[in-house]
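I have placed the structure first, in the form of structure tokens, so that the comments after it can refer back to it.
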Amino acid sequence: MKALVLRSAGQLSLEDVAPEPIPPGYARVRLLAAALNHRDVWILDGKYAKIRYPSVLGSDGCGIVEEINGPDRSLVGQRVIINPNQHWGGDERAQSADYTILGMPSPGTFAEFITLPLDRLHPAPQHLSDEEAAALPLAGLTAYRAVAVQGHVGSSDAVLIPGIGGGVALFALLFARALGARTIAVTSGAAWKLERASALGADCGVLYTEPTWADALRRRVGGFDLIVDGSGGEPFNQLIGLTNPAGRIVLYGATLGGVPMLDVHRIFWRQLRIIGTTMGSDRDFAAMLAAVEQHQIRPVVDSVFPLAQYAEAFDRMRRGEQFGKIVLRISA
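The working numbering numbers the first residue of the sequence shown as 5 and each following residue consecutively.
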């Protein structure tokens, strides 16, 4: 089968590799589409913990079950999406020490076939295309846990989602809207992304490239009950300043690094809650799928590339031009 193999930092190539055997309780899935995540770029660049070479990257995928090693063959022939969680553990509050994500160290979805435990496979929502279904798992799970489980979004909440355009931020917008948030604001570095977000349900947006972006949000909304942030860095203190008393900031990433001179005084005086989150449990994954089906949520797909054009897909993600998920088409 064809697979994207990472041989060393920066060295990714499309190669012929043998499909893995199918142990008892496992299934072989013929992949139709797979989506990129920033995680894949970080691993490719050698900026991720405990990288193993060689590895097949890819955490998101949609495909057809071709073979099962076990008595229950009900999924054979069905279109499924893949839960990328591995070894979350029994504590819903946080992942176990053994937790990993599909696609390094275990072989991922950037291949024609993948072998996985049956409990990692879920019927793909029927209203989604192959590309939309492939775009859902990792970013959808991360956003759902951030908004619904850790953020406890409610109908009285004003919600801020900085950095709209990436997969998690867009899913956070879609889930916050579907779950009834009162007001949703977004920020971006590009005006066209704010316009696209408005069409998806954002009530207002500001350019974070403007020096007075925080003041503009304060004038338009007042303050926020829930902020879902994946950046951290220097702007984080401004997010603290925008949070209403007893508000929540859910942090799912730190692409801008640590926070210089964290405004701890405002945190305790306003009785704020800063909550870390990453990925989500298997229970969260099932709840996320249920929400997608109930509210007929459609992931935003930015672009689709054939597997052979993987380099172009990675380059697009590096440039940060995307609005939504970048997807690789694996097979018809």
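Positions of the beta carbon are idealized from the N, C-alpha and C atoms, including for glycine.
{"Item": "Reduced DSSP secondary structure (H/G/I, E/B, other) of T146", "Value": "helix"}
{"Item": "Segment contact flag, the segment 282-292 with the segment 261-272, C-beta cutoff 8 Å, min 3 pairs", "Value": "no"}
{"Item": "Straight-line gap, V84 to M108 (C-alpha atoms, nearest Å)", "Value": "21 Å"}
{"Item": "Beta bridge counterpart(s) of F309 as assigned by DSSP", "Value": "L332"}
{"Item": "Straight-line gap, V33 to F117 (C-alpha atoms, nearest Å)", "Value": "6 Å"}
{"Item": "Segments assigned alpha helix (DSSP H), at least 4 residues, entirely inside the segment 223-256", "Value": "240-246"}
{"Item": "Reduced DSSP secondary structure (H/G/I, E/B, other) of R277", "Value": "strand"}
{"Item": "CA-to-CA distance, H42 to T247, given in whole angstroms", "Value": "28 Å"}
{"Item": "Contact set for R149: own chain, Cβ-Cβ below 6 Å, skip 5 residues either direction", "Value": "T281, G284, D288"}
{"Item": "Local conformation of S202 per DSSP, three classes", "Value": "helix"}
{"Item": "Cβ distance (whole Å) where A22 is taken to contact I72 below 8 Å", "Value": "About 19 Å; that fails the 8 Å criterion."}
{"Item": "Local conformation of A315 per DSSP, three classes", "Value": "helix"}
{"Item": "Min CB distance L198 to chain D below 7 Å", "Value": "Within the model displayed, chain D is absent; a lone protein chain is all it includes."}
{"Item": "Own chain partners of Q242 with C-beta closer than 6 Å, once the 5 adjacent residues on each side are dropped", "Value": "A218"}
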